[in-house]
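Engineer: Here you go, one structure.
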Amino acid sequence: MSHNAGSTQVAQGQKQINAPHALIIEPSRELAEQTCNNIRQCKKFVVDPKIKEVLIIGGVAAKDQLQALEEGVHIVVGTPGRIDDLISTGKLSLSQVRFFVLDEADGLLTQGCTDFIHRAHAAIPQITSDGKRLQVIVCSATLHSFDVKKLAEKIMHFPVWVDLKGEDSVPETVHHVVVPINPKADKLWERLGQNRIRTDGVHQKDNIRPGANTPEMWSEAVKLLKGEFVVRAISEHKMDQAIIFCRTKLDCDNLERLFIQLGGGPGKKDHQFSCVCLHSDRKPPERKTNLENFKKKIVRFLICTDVAARGIDIGGIPFVINVTLPDEKQNYVHRIGRVGRAERMGLALSLVSKEKEKVWYHVCPNRGRGCYNTRLKSEGGCTIWYNEQQYLADIEEHLKMTIEQVEPDIKVPVNEFDGKVVYGRRKTEGASMYKGHVDALAPTVQELAALETQAQSSFLHLGYMPNQLFSAF
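Residues 1 to 473 (the UniProt record's numbering) make up the sequence shown, in order.
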């Protein structure tokens with residue numbers, strides 16, 4: 001979605017060193033690094049003028065970032081926290097910004113960055129010194145979400161919508177199924193020994209012993225069973241690479257701990273349960289190393305949250321496991337869309353509880369750090385009852401389909417998959433199965449390419465030929 005903003009604020013003609021022409025906001029450091037690396041690859045083809053970019057992210061020393069700004073840059077790519085700090089301290093000026101880009105906009109909004117976006121937008125002159133309007137670009141895999149549309153209404157006027165996907169749908173290369181978790185029928189959780197998963201501590205003060213027959217007991221049973229079912233799924237399908245989505249950072253840590261108990265973990269190359277974690281509580285160097293080790297297949301499993309994995313480019317993933325369904329139905333499509341790319345077959349398994357599960361939902365100032373308030377949110381605490389059956393119904397309604405369910409042994413029926421499918425490999429070796437779809441999209445893609453060419457030309461000429469007039473786009 002792109003748009004020429006229509007406010008009357010006008011940029012000053014004097015050029016500032018620390019004032020870039022383009023500001024690109026990303027929801028995570030990994031995605032910011034990925035975008036900045038892509039810019040570095042693309043700028044090789046632009047000899048004159050020579051483009052300068054800088055990556056502005058937290059978790060690393062700001063010295064090099066500040067030095068780059070002081071030497072002058074054209075493009076700033078970064079995350080909200082560090083960029084907000086530099087703007088508020090005057091280290092980063094938005095007085096010359098001509099392109100304001102919000103990547104993965106729905107992710108930014110989910111993280112609570114709405115106020116920051118509005119502050120940044122308000123600080124950018126809406127009309128440049130040579131009479132051009134600010135170009136606002138919002139990118140998202142879920143442009144149809146209410147929050148993204150609401151944001152567009154506030155910071156844009158008559159935006160041009162470029163939709164390459166349409167409403168959410170599941171590619172034919174993705175086989176996605178539900179694995180029901182029913183602690184009332186499956187009593188395995190009562191017999192687990194030392195090597196069971198550590199749960200999140202929500203029920204520390206509750207009566208959860210077998211036979212209590214309380215909602216809290218069934219909730220704890222769900223948590224225990226899900227750990228076992230993840231292990232069962234990996235073994236049943238002989239998974240050699242998968243992304244495993246957990247609801248919280250604590251859930252990620254606990255699953256990693258289970259894999260370590262089974263002999264796997266971060267330093268166990270080629271082990272059946274070798275894994276790494278990716279979430280915001282891990283230090284930046286560890287996050288970078290973990291992601292690289294997974295991409296290089298040094299470890300088999302990436303255990304992560306939605307926020308950490310959003311937008312990251314990892315190709316050829318054969319399997320995804322949803323330990324818990326997301327509470328946002330669009331995120332379900334995001335997750336399972338990790339498999340089935342480039343015409344390669346993929347399997348997405350979702351572990352869905354038949355019983356409600358009590359989970360953390362931190363509204364405290366520390367966002368969970370050192371919080372042990374297990375009372376419900378409605379009672380002033382930081383927990384809620386999570387109803388996966390309702391979330392499953394919402395997802396099925398959103399996709400206009402009923403998702404196939406499998407038995408507890410997690411054996412996936414062959415049906416239209418011909419039994420010769422190997423997840424992670426191409427479905428066909430001949431002509432693309434998407435040919436008709438690609439042909440239908442061709443005119444839109446051509447229009448988008450033309451807009452991209454105009455945008456880049458305007459960016460270069462507005463910065464280096466301010467007296468020449470160019471047609472608005």
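Where is the CB? At the ideal position from N, CA and C, for every residue including glycine. Just so we're clear, the structure is a prediction, and the values are computed from it rather than from any experiment.
A123: which of L109, R196 and A19 sits nearest, CA to CA?
Structural biologist: For the residues L109, R196 and A19, the minimum Cα distance to A123 belongs to A19.
Engineer: Only counting the same chain, and skipping five residues up and downstream in sequence, which positions put a Cβ closer than 6 Å to that of P413?
Structural biologist: Nothing listed; no residue qualifies.
Engineer: Can you list the beta strand (DSSP E) stretches of 3 or more residues lying completely in the region 85-114, in chain order?
Structural biologist: Complete beta strand (DSSP E) runs here, min 3: 99-102.
Engineer: With distances taken from CA atoms, which of E286, G131 and S140 is nearest E26?
Structural biologist: Closest by alpha carbon: S140.
Engineer: What are the boundary residues of the alpha helix (DSSP H) that C42 is part of?
Structural biologist: It spans R29 to C42 - the alpha helix (DSSP H) in which C42 sits, taken as one unbroken run.
Engineer: Taking 8 Å as the cut-off, is the C-beta of A61 nearer than that to any heavy atom in the ligand ADP?
Structural biologist: Although the ligand ADP was asked about, the structure shown includes no ligands whatsoever.
Engineer: Since I believe T142 is in contact with D103 (beta carbons under 8 Å), could you give me their beta-carbon distance rounded to a whole number of angstroms?
Structural biologist: About 13 Å; that fails the 8 Å criterion.
Engineer: For V363, which residues of its own chain have a beta-carbon under 7 Å away from its beta-carbon, when the five flanking residues on both sides are left out?
Structural biologist: Here the set comprises K377 and C382.
Engineer: Measuring CA to CA, which of L451, L392 and T289 is closest to V179?
Structural biologist: Of the candidates L451, L392 and T289, the one whose C-alpha sits nearest the C-alpha of V179 is L392.
Engineer: What separation, rounded to the nearest whole angstrom, lies between the Cα atoms of T305 and H121?
Structural biologist: Roughly 29 Å separates the two Cα atoms.
Engineer: Smallest Cα separation from F100: which of N331, A22, E452 and G211?
Structural biologist: Nearest C-alpha to F100: A22.
Engineer: Return the residue from the list T402, I336 and R310 that minimises the CA-CA distance to T35.
Structural biologist: Closest by alpha carbon: R310.
Engineer: I'd like to check one pair, K91 with E216: are the Cβ atoms closer than 9 Å?
Structural biologist: No, the Cβ-Cβ distance between E216 and K91 is not below 9 Å.
Engineer: Do I197 and E228 have their beta-carbon atoms positioned less than 9 Å apart in this structure?
Structural biologist: Cβ distance < 9 Å, so E228 and I197 count as in contact.
Engineer: Determine the DSSP secondary structure at N18, reduced to helix, strand or coil.
Structural biologist: Coil.
Engineer: Taking only the alpha-carbon atoms, compute the straight-line gap between E205 and T214 and give it to the nearest angstrom.
Structural biologist: In the sequence under discussion, the amino acid at residue 205 is Lys, which differs from the Glu named in the question. Computed Cα separation, rounded: 13 Å.
Engineer: Run through DSSP, which three-state label would C275 get?
Structural biologist: Three-state result, C275: strand.
Engineer: Would you list, in sequence order, the uninterrupted alpha helix (DSSP H) runs of no fewer than 4 residues that lie entirely inside the region 113-184?
Structural biologist: Qualifying alpha helix (DSSP H) stretches, in chain order: 114-123 and 146-155.
Engineer: In the DSSP assignment, find the beta strand (DSSP E) that holds A61 and state where it starts and stops.
Structural biologist: Unbroken run through A61: none, as it is neither H nor E.
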